[in-house]
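In what follows, a structure is listed as structure tokens, so that the remarks can point back to it.
Written as structure tokens, this is what we have:
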């Protein structure tokens, strides 16, 4: 019998309100500088490769990670042809959209709270299990959803130090919520992290494919969170 639902966080419950390109265009206009948009795609690849989350090992430092993100953002600004006010523009770009610096840029999908409420009303336990650079509690509090969860588990939290698909992060969540793997469903948008990871510890995984790009990748696939209660709540 299913007693609990685990949710991935980013692009499952929430998304960023504006793209990096939209934020860059607005900031560049304010500073009166030109962006070389022909270089932007290559620069973005370099930026995302350079700022990808380090493995959450015991030597991971949140402070060092924040400094690295700022340095990479400055490098990105220069790569798109901007030479003036680089550090200041990089800081504004981070404040406009990067989740380490701009918690208020995250926006809930419209089906998130109604789905969480339905499961809570039906007596299910809920948790977030996310690959995330920082503890997620402050962000979920700002979004108004922290109260729905029995546990909020982030990979780079010093208490966890494990990222999906590694089994430990799922086992940590199971222990925190007080359920067995057979009593849990995990839903997320990333096949390797969410589906492979959950299945590896005996949790039933459900793939969330909001944009319809992962057809036939997994038997249990949904396009909206609002489909979940119909699948899991007994009538």
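In my numbering, the protein residues as written are 1 to 235. Think of the CB as a built atom: it goes at the ideal place given N, C-alpha and C, for glycine as much as any other residue. In this text the structure is predicted, and so the values were computed from the model without any measurement.
Reduced DSSP category for residue i - H, G, I as helix; E, B as strand; rest coil
| i | result |
| --- | --- |
| residue 11 | coil |
| residue 188 | strand |
| residue 215 | coil |
| residue 223 | coil |
| residue 210 | coil |
| residue 30 | helix |
| residue 235 | coil |
| residue 50 | Low confidence applies here, because residue 50 scores a pLDDT of 46, under 50, leaving its location unreliable and the question unanswered by this model. |
| residue 204 | strand |
| residue 35 | coil |
| residue 179 | coil |
| residue 80 | coil |
Cβ-based neighbour list, residue i, same chain, cut-off 8 Å, excluding 5 preceding and 5 following
| i | result |
| --- | --- |
| residue 16 | 97, 99, 105, 106, 107 |
| residue 84 | 31, 33 |
| residue 181 | 170, 174, 201, 202, 203 |
Same chain, Cβ closer than 6 Å to residue i, neighbours up to 5 away in sequence not counted
| i | result |
| --- | --- |
| residue 220 | 206 |
| residue 52 | Summary for residue 52: the model assigns pLDDT 47, below 50, so the residue's position carries little reliability, and this model does not support an answer. |
| residue 50 | Caution applies to residue 50, whose pLDDT of 46 falls short of 50 and renders its modelled position unreliable; the value that the coordinates give is listed next. So the list reads 72, once near-sequence residues are dropped. |
Residue burial classification, residue i (beta-carbon count within 10 angstroms, cutoff 16)
| i | result |
| --- | --- |
| residue 141 | exposed |
| residue 9 | buried |
| residue 172 | buried |
| residue 67 | exposed |
| residue 166 | buried |
| residue 59 | exposed |
| residue 197 | buried |
| residue 1 | exposed |
| residue 42 | exposed |
| residue 231 | exposed |
| residue 63 | exposed |
| residue 130 | buried |
| residue 194 | buried |
Presumed contact (8 Å Cβ cut-off) between residue i and residue j, rounded CB distance
| i | j | result |
| --- | --- | --- |
| residue 179 | residue 125 | 6 Å |
| residue 155 | residue 163 | 4 Å |
| residue 122 | residue 233 | 5 Å |
| residue 14 | residue 208 | Contact doesn't hold; Cβ gap of about 12 Å is too wide. |
| residue 183 | residue 4 | 6 Å |
| residue 21 | residue 40 | 7 Å |
| residue 11 | residue 189 | 5 Å |
Same chain, Cβ closer than 7 Å to residue i, neighbours up to 5 away in sequence not counted
| i | result |
| --- | --- |
| residue 212 | 223 |
| residue 24 | 35, 93 |
| residue 151 | 127, 173, 176, 177 |
| residue 132 | 9, 154, 155, 156 |
| residue 116 | 126, 145, 148 |
| residue 217 | 191, 207 |
| residue 169 | 129, 153, 155, 160, 162, 163 |
| residue 87 | 74 |
3 or more residues per run - each beta strand (DSSP E) lying fully within the segment 115-167: If we require 3 residues or more, the beta strand (DSSP E) runs fully inside the segment 115-167 come out as 125-130, 151-154.
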